[in-house]
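Taken in order, these protein sequences are the chains called G and U.
With numbering that gives the first Met the number 0, you'll find the first sequence wraps up at 319, consecutive numbering, no jumps.
With numbering that gives the first Met the number 0, you'll find the second sequence wraps up at 259, consecutive numbering, no jumps.
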Amino acid sequence: MLEVRDLVVRYGPVVAVDGVSLSVPKGPAGFGLVGESGSGKTTIGRAIVKLVEPESGSIELDGLDVLGARGGDLKRYRKGVQIIFQDPDSTLDPRMRVRGAITEVLRAHGAVPRAGEAARVTELLEQVGLQADHADRLPHQLSGGQRQRVSIARALAVEPELLVLDEPTSALDVTVQARVLELIARLREERSLAYLLISHNLAVVEQLCEQVAVLYLGRIVEQGAAALVLSQPAHPYSRALRAAVPELSEQLPRPATTRADPPDPASPPSGCPFHPRCPLAIDRCRQEEPQLREVAGRMAACHRAEDAVRGQSEASDQRS
Amino acid sequence: MKLEVRDLGVWFADRRVVEVDSLELDRGETLGLVGETGSGKSMTAYAIAGLAPGMGARVEGSVQLDGRELTTLSQGAWRDIRGRRIAMIFQAPISSLNPVFRTGDVFTRALQLHGASKAEARTRAAEAMRSVSLSPDLLRRYPHQLSGGQAQRIAIAQAIALRAEVLIADEPTSALDVTVQAEILEQLQKLRTEEGIATLFISHDLAVVSGLCDRVAIMRDGRIVERGPVRETLTSPQHAYTRELLAAVPRLGEAGSAHA
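See below:
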């Protein structure tokens, strides 16, 4: 459904997204984008909803050239693809009641006749687990979780096909996060939604996505089935990321598998961008940039991915 | 060293936001203080560090360091204790450094305030930087020239250089990427084993607390609802709220998923 090809986004001297291709299938489907600060995951989401202009590459939705779309096509696209941000406060007008915030979106897209607005607002609030009387509240009279539900109701108001969820639960407490994740899972089934879930939390992505891409310095370094990539990562960066996630009932800290400080994105390293932090780096990694290729059932951009996968299975053999 | 908190109350006007009956911290021990937004965990820490009155709060009850009452200390007396005996690190490491000074200037001045000569201060600062695996060269930088992980390690290095006995760490890794978080946790662990520092570790992240802390106290609505040795408390929680918190943590490798 959504096809992103060779996307490049530049902010001044920094190439924030460097040749990313991915495709999100028709819903119900979840595609996860994971990576650390500065990996480009948020920029990809913003390029998809046309908040930033790519330098090159293409984005297509059901065959529509999104970057060249004008007039009615563009309007249909903006209706079909909605974004939800980490901080609901940045999207909700503090002086506008919930009813107004939702009605505004309905009117902008001519989604329902005026007479049907009130009923539609109630219906949307109920779909996201709120009640009809929440419509009369102001944002500050709601909790953070409730405000995020309102953002979701607003996005759903125009019946989108695709949601871009940019860290939708990162600002929420864990108990609230758990309920919002349940909501996303339920809506996806009820409404056959497809979404691109941008998150630094691997467990959240594993819960909600079939596919995942791991980003490092604007490039996809590993991509494939979420269950496989997140449980048996092949790229040394994905492995370091996976190993750094603290888990309950385990002695911390684990010995670090990588030097923590990422390189300056304005002057990325030669060859493989991960080589200065990589425990497996060899001369070839310093000179030649690895391309994505098939390794053990997923795509990975690493000259030594086979060794990484082998090392991992040996380690797990020793444990068992 | 022993830190003892008794019947601590923190009030904003007529609203009590903290009501902690007791907390104790011994040398070399790490105590996790866990809770969600508004649970009062950070305000408890600020009250212990003597920072709550400056935020407009009224503090009642007792906080004692080796038998010396802290809640009634003058600001002048606090200067002698805060930094030197009780150090604090925060969630946003860069914004807790003064942007107009080179990090080293602030660092050595703090040491001089606590009685070191200039030359001695420089040497101790450089040593402390090396002990958190940073180059002393970073002391010549301004805060905006540091990464979040570097700034947090510098904050830890200050605690080391001042030979603090108690470290109050308020969500010190919550704003950092996981690979950076892993390094900071390693530094905190080292601080405990090598320097014998006692740490009050404030966090919303049960997984981090389970790995790092000896004991844990779970806070809700200003009160401690459950406390005990970390493993026991998190593997067989007695309080319904602790169970709810644990159940809500998304875990890798057991996707109770939408697409199962």
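For every residue, glycine included, the Cβ atom is placed at its ideal position computed from N, Cα and C.
Should Glu35 of chain U be labelled buried (16 or more other beta-carbon atoms within 10 Å of its own) or exposed? buried
So which of G:Ala114, G:Pro27, G:Leu182 and G:Pro159 has the shortest CA-CA distance to Lys74 of chain G? G:Pro159
Beta carbon of Leu32 of chain U, beta carbon of Thr43 of chain U: below 8 Å? For Leu32 of chain U and Thr43 of chain U, yes; Cβs fall inside 8 Å.
Among G:Arg69, G:Gln145, G:Pro138 and G:Glu205, which residue has its Cα nearest to the Cα of Gly29 of chain G? G:Glu205
Confirm, please, whether the CB-CB distance from Cys208 of chain G to Leu196 of chain G is below 8 Å. The answer is yes: Cβ separation under 8 Å.
C-alpha gap between Ala197 of chain U and Gln188 of chain U, whole angstroms: 11 Å
Report the CB separation of Leu112 of chain U from Val105 of chain U in whole angstroms; it is logged as a contact under 8 Å. In fact, because the Cβ distance is near 11 Å, the residues do not count as touching under 8 Å.
To which residues of the same chain is Cys212 of chain U closer than 7 Å at the C-beta, ignoring the five residues directly before and after it? Thr29, Leu30, Gly31, Phe200 and Val229
Buried or exposed by the 16-neighbour rule on C-beta atoms within 10 Å, applied to Ser235 of chain U: exposed
Say whether chain G places a C-beta atom closer than 8 Å to the C-beta of Ala216 of chain U. So no, Ala216 of chain U is outside the interface.
Using a Cβ-Cβ distance cut-off of 8 Å, determine whether Leu205 of chain U contacts chain G. So, interface residue.
Answer with buried or exposed for Val19 of chain G, where buried requires no fewer than 16 other C-beta atoms within 10 angstroms of its C-beta. buried
From Leu251 of chain U to Thr192 of chain U, what distance separates their C-alpha atoms? Cα-Cα distance, rounded: 30 Å.
Using a Cβ cut-off of 9 Å, which residues of the segment 70 to 89 of chain G contact any Cβ in chain U, in chain order? none
Along the alpha helix (DSSP H) that carries Ser173 of chain U, what are the first and last residues, could you check? Careful: Ser173 of chain U lies outside any alpha helix (DSSP H) and carries neither H nor E.
Does DSSP classify Gly37 of chain G as helix, strand or coil? coil
Note down, in chain order, every chain U residue with its Cβ under 8 Å from the Cβ of Thr174 of chain G. Within chain U, the residues near Thr174 of chain G are Glu35, Glu243, Leu244 and Ala247.
I'd like to know whether the C-beta atoms of Leu123 of chain G and Leu91 of chain G end up nearer to each other than 8 Å. no
Can you tell me where the alpha helix (DSSP H) holding Gln11 of chain U begins and where it ends? Strictly speaking, residue 11 of chain U in this sequence is Phe, with Gln absent from that position. Counting along the chain, Phe11 of chain U falls outside any alpha helix (DSSP H), though it belongs to the beta strand (DSSP E) covering Lys1 to Phe11.
Residues of the segment 87 to 115 of chain G whose Cβ lies closer than 7 Å to any Cβ of chain U, in chain order: So nothing in the stretch comes that close.
Would you verify that the beta carbon of Ser319 of chain G is, or is not, closer than 8 Å to some beta carbon of chain U? Here the model assigns Ser319 of chain G a pLDDT of 43, short of 50, so the residue's position is not dependable, and the following value carries that caveat. With 8 Å as the cut-off, Ser319 of chain G does not count as an interface residue toward chain U.
Are the beta-carbon atoms belonging to Asp6 of chain U and Asp25 of chain U less than 8 Å from one another? no
With a Cβ-Cβ cutoff of 8 Å, do Val149 of chain G and Leu141 of chain G count as a contact? Cβ distance < 8 Å, so Val149 of chain G and Leu141 of chain G count as in contact.
Exposed or buried, Phe100 of chain U, counting other C-beta atoms within 10 Å across all chains shown (16 or more means buried)? exposed
Would DSSP call Arg309 of chain G helix, strand or coil? Assignment of Arg309 of chain G by DSSP, reduced to helix, strand and coil, places it in the helix class.
At the level of alpha carbons, what is the spacing between Ser134 of chain U and Val157 of chain G? 54 Å
Closer than 7 Å at the beta carbon, the chain G residues around Gly39 of chain U: In chain order: nothing, as chain G lies at least about 14 Å away.
Short of 7 Å Cβ to Cβ, which residues in the segment 163 to 177 of chain U face chain B? This model lacks chain B altogether; the protein chains it does include are G and U.
Measuring straight from C-alpha to C-alpha, what distance separates Gly27 of chain U and Met0 of chain U? 9 Å
Give a yes or no on contact between the segment 151 to 167 of chain U and the segment 82 to 97 of chain U, applying the rule of three or more CB pairs nearer than 8 Å. yes
For a contact meaning CB atoms closer than 8 Å, what does Gln180 of chain U contact in chain G? Ala243 and Pro245
Touch check for the segment 231 to 242 of chain G and the segment 267 to 282 of chain G: three-plus C-beta pairs under 8 Å? yes
May I ask which residues mark the beginning and end of the beta strand (DSSP E) holding Pro228 of chain U? Per DSSP, Pro228 of chain U is one residue of the beta strand (DSSP E) stretching across Arg222 to Pro228.
Starting from the Cα of Gln164 of chain U, find the closest Cα among U:Ile80, U:Arg219, U:Arg121 and U:Val9 and give me that residue. The identity of residue 164 of chain U in the sequence shown is Glu, whereas the question assumes Gln. Checking every option, the nearest Cα to that of Glu164 of chain U belongs to U:Ile80.
Identify, in the order they occur along the chain, each residue of the same chain with its Cβ nearer than 6 Å to the Cβ of Cys284 of chain G, setting aside the five sequence neighbours on each side. Gly270, Cys271, His274 and His302
First and last residue of the alpha helix (DSSP H) that includes Gly86 of chain G? Residue identity check: residue 86 of chain G is Asp in the sequence provided, not Gly. Element bounds for Asp86 of chain G: n/a, residue is neither H nor E.
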